[in-house]
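Some notes on the structure that comes next.
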Amino acid sequence: MWGRVRMSHFRGVWLTLNFYKEYLGFETFFFLQLNRSSLSTKKKVIISSCCSLLTQTFCFFSIFVRSLFAKRMKDTGAQEEQREPGWKLFGIVPHKELSVKDSRKMQKEYERSGQTSSSISPKKNLRRNLDFEPLSTTALILENRPANLPAKPEEEAQKHRQEYEEMVAQAKKRELKDAQKRKKQLEDRCKLEESIGNAALTWSQEILPNWQSMCSSKRVRDLWWQGLPPSVRGKVWSLAIGNELNITDELYNICLARAKEKWNAFVAPTAAAETESEDAGLSHADREASLELIKLDISRTFPNLCIFQQGGPYHDVLHSILGAYTCYRPDVGYVQGMSFIAAVLILNMDIADAFIAFANLLNKPCQMAFYRVDHSLMLTYFAAFEVFFEENLPKLFAHFKNNNLSSDIYLIDWIFTLYSKSLPLDIACRVWDVFCRDGDEFLFRTALGILRLYEDILTHMDFIHIAQFLTRLPEYISAEEIFSNTTTINMNSKNKKWAQVPLFKIYTELKGIVT
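Number 123 in UniProt numbering belongs to position 123 of the sequence shown; there are no gaps in the numbering.
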């Protein structure tokens with residue numbers, strides 16, 4: 001029987017048995033084999049005999065291997081003790097994790113090595129290294145040449161050490177400067193938060209309860225210039241804008257209901273109507289048809305905030321206010337730029353208060369002239385602006401004239417959206433704060449302040465670059481820089497204030513037409 005068993009088969013069986021002996025044991029393995037129903041009684045007897053024979057052979061082989069390698073195990077016993085304990089699967093032992101030295105420990109090791117190998121006196125070396133403290137785990141460490149290389153000349157070593165100390169000193173200085181900058185920013189932020197908190201208490205407890213008697217006082221105007229606290233901004237805006245139109249919450253609901261009826265009955269516009277959306281908002285005969293223009297413009301309102309677009313939390317609110325206004329003032333309808341003004345009001349007021357402030361704000365003379373696209377009045381405002389432009393910034397004014405750059409190129413977008421599209425939202429809200437206090441004059445004064453801020457840059461640009469720069473101002477603008485430059489603008493021209501200049505020009509134009 002055994003003569004018919006091939007040696008290769010025996011070797012394979014032996015390896016299999018060896019594996020099961022190591023992890024299952026012979027008894028478990030042969031128990032599984034003997035209980036197979038497909039095996040005959042004769043085969044089971046043969047397997048049992050093989051089990052007995054191979055068990056004896058395996059035991060003899062194990063004893064022989066242990067005695068053969070006993071001496072080698074003694075020699076390498078010290079090394080084996082240092083290995084990490086673990087489960088050896090197929091002879092593989094888990095790798096030992098590399099230890100990471102701390103930078104301070106590395107520095108101390110360098111100091112000890114420097115004292116023994118450096119030609120400089122130990123006291124100098126120690127004194128020099130004690131003053132050095134690594135900035136981080138990646139700090140620079142001065143190393144000597146390896147022992148198998150020639151030593152550095154003393155002059156070269158001194159030069160390298162000096163350069164090393166200079167680099168470390170610069171790194172320390174840079175880190176100290178950054179730390180001081182971060183500390184100052186933190187202190188400024190804390191001061192700002194504290195001032196905002198104190199101002200909020202002053203406005204809510206002292207000024208707002210006595211609005212009529214205190215709104216024109218010097219103290220309130222100074223606080224107003226510094227910026228309104230966000231918690232009271234909406235209330236102050238509402239009081240400053242007023243409600244000359246006597247709009248109520250019920251009137252807003254009526255206009256909103258009419259707008260919803262028109263939306264439901266409105267037919268989807270054709271592709272041709274979408275291409276003419278800008279001109280459609282300017283027509284006088286069919287203003288209420290501009291309801292569909294609102295949907296097109298809302299998607300472009302503060303896209304970075306992602307709160308006014310389709311699916312955003314304020315999309316329906318903005319849509320409702322703009323739709324209600326088109327029904328309240330069908331003679332004005334919707335004009336591009338209104339969505340930004342309504343959005344700023346929504347962020348600071350309730351829905352009904354935002355609609356009331358929106359309608360009264362657009363009823364102001366300057367805003368009505370622009371949103372009704374009254375070209376003659378718009379040109380009057382532009383001409384009045386250029387009068388103050390020439391007096392405050394004569395060099396830049398002459399440069400604009402030489403490049404045939406008229407003020408309407410950049411003023412239209414600024415005035416239509418009240419800077420909410422051109423400036424960062426927080427700065428635009430501060431502009432709105434003073435605009436609610438001073439009226440239309442501050443809008444044009446802010447324009448001159450922006451031009452003064454970038455005067456040095458604009459004087460070196462041509463027509464195209466000036467237009468591109470002013471229609472898309474830099475994203476990072478300091479509010480303090482804008483307001484400090486705005487403060488220097490003088491809004492008096494030949495003993496005439498801003499409010500008198502447009503009226504004077506209108507009067508002279510009408511007088512010229514009559515004569």
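Glycine included, each C-beta is placed from N, C-alpha and C at the ideal position.
In this structure, does DSSP put residue i in helix, strand or coil?
i: Ser-493; result: strand
i: Trp-498; result: coil
i: Gln-180; result: helix
i: Met-167; result: helix
i: Pro-365; result: helix
i: Tyr-454; result: coil
i: His-319; result: helix
i: Arg-445; result: helix
i: Lys-159; result: helix
i: Ser-299; result: coil
i: Thr-459; result: coil
i: Arg-145; result: coil
i: Glu-475; result: coil
i: Tyr-314; result: coil
i: Val-387; result: helix
i: Gly-333; result: coil
i: Lys-421; result: coil
i: Lys-152; result: coil
i: Leu-192; result: helix
i: Leu-405; result: coil
Where does the unbroken alpha helix (DSSP H) through residue i begin, and where does it stop?
i: Arg-372; result: That residue, Arg-372, is in no alpha helix (DSSP H); it is neither H nor E in DSSP.
i: residue 523; result: Given a span of 1 to 515 for the chain in the structure shown, any question on residue 523 remains unanswerable.
i: Met-338; result: 338–348
i: Tyr-410; result: 408–417
i: Lys-218; result: 218–225
i: Leu-396; result: 394–402
i: Thr-248; result: Here Thr-248 belongs to no alpha helix (DSSP H), and DSSP marks it neither H nor E.
i: Val-232; result: 230–241
i: Cys-436; result: 425–438
i: His-465; result: 463–471
i: Glu-480; result: 479–487
i: Ser-213; result: 211–214
Compare the beta carbon distance of residue i and residue j with 7 Å and say whether it is the shorter of the two.
i: Leu-443; j: Ile-464; result: no
i: Ala-357; j: Ile-241; result: yes
i: Arg-430; j: Trp-224; result: no
i: Ile-298; j: Phe-308; result: yes
i: Thr-326; j: Tyr-334; result: yes
i: Thr-301; j: Ala-265; result: no
i: Gly-449; j: Asn-490; result: no
i: Glu-455; j: Trp-498; result: no
i: Leu-453; j: Glu-480; result: no
i: Ala-352; j: Asp-249; result: yes
i: Thr-417; j: Gly-337; result: yes
i: Arg-145; j: Lys-152; result: yes
Based on Cα-Cα distance, which residue from the options lies nearest to residue i?
i: Pro-394; options: Ser-339, Lys-172 and Leu-451; result: Leu-451
i: Ala-200; options: Gln-226, Ser-216 and Lys-183; result: Gln-226
i: Ala-447; options: Ser-299, Leu-470 and Met-461; result: Leu-470
i: Leu-251; options: Thr-380, Arg-161 and Ala-359; result: Ala-359
i: Gly-234; options: Met-349, Ala-265, Tyr-419 and Val-220; result: Met-349
i: Phe-435; options: Leu-149, Gly-312, Met-214 and Ile-341; result: Ile-341
i: Cys-255; options: Tyr-381, Ala-383 and Phe-355; result: Phe-355
i: Asp-374; options: Asn-404, Ala-398 and Ile-412; result: Ile-412
i: Phe-370; options: Val-332, Leu-345, Pro-230 and Asn-264; result: Val-332
i: Ser-195; options: Ser-216, Gln-212 and Pro-229; result: Pro-229
i: Leu-245; options: Leu-379, Asp-426, Leu-473 and Arg-329; result: Arg-329
i: Cys-215; options: Lys-159, Leu-239 and Met-491; result: Leu-239
i: Glu-386; options: Ile-409, Arg-372, Arg-182 and Gln-367; result: Ile-409
i: Pro-474; options: Ile-457, Gly-439 and Asn-490; result: Ile-457
i: Val-232; options: Trp-263, Asn-198, Lys-260 and Lys-262; result: Asn-198
i: His-460; options: Asn-403, Ala-428, Lys-177 and Leu-361; result: Asn-403
i: Val-317; options: Ile-477, Leu-149 and Leu-345; result: Leu-345
i: Arg-445; options: Phe-388, Thr-417, Lys-496 and Lys-260; result: Phe-388
i: Asn-243; options: Tyr-476, Lys-364 and Arg-372; result: Lys-364
i: Phe-483; options: Ala-428, Leu-192 and Lys-496; result: Ala-428
i: Ala-212; options: Val-236, Lys-191 and Cys-190; result: A small fix is needed here, since residue 212 is Gln in this sequence, not Ala. Among Val-236, Lys-191 and Cys-190, the Cα nearest to that of Gln-212 is on Val-236.
i: Tyr-476; options: Asp-433, Asp-426 and Lys-494; result: Asp-426
Would residue i pass as an interface residue toward chain C - the criterion being a Cβ-Cβ separation below 7 Å?
i: His-319; result: The chain labelled as chain C is not found in the depicted structure, where only one protein chain is given.
Would you call the region 316–328 in contact with the region 200–213, where contact means no fewer than 3 C-beta pairs closer than 8 Å?
Segments in contact, no.
Determine contact between the region 379–398 and the region 419–427, defined as no fewer than three beta-carbon pairs at a distance below 8 Å.
With a cut-off of 8 Å, the region 419–427 and the region 379–398 do not count as touching, because too few Cβ pairs lie within range.
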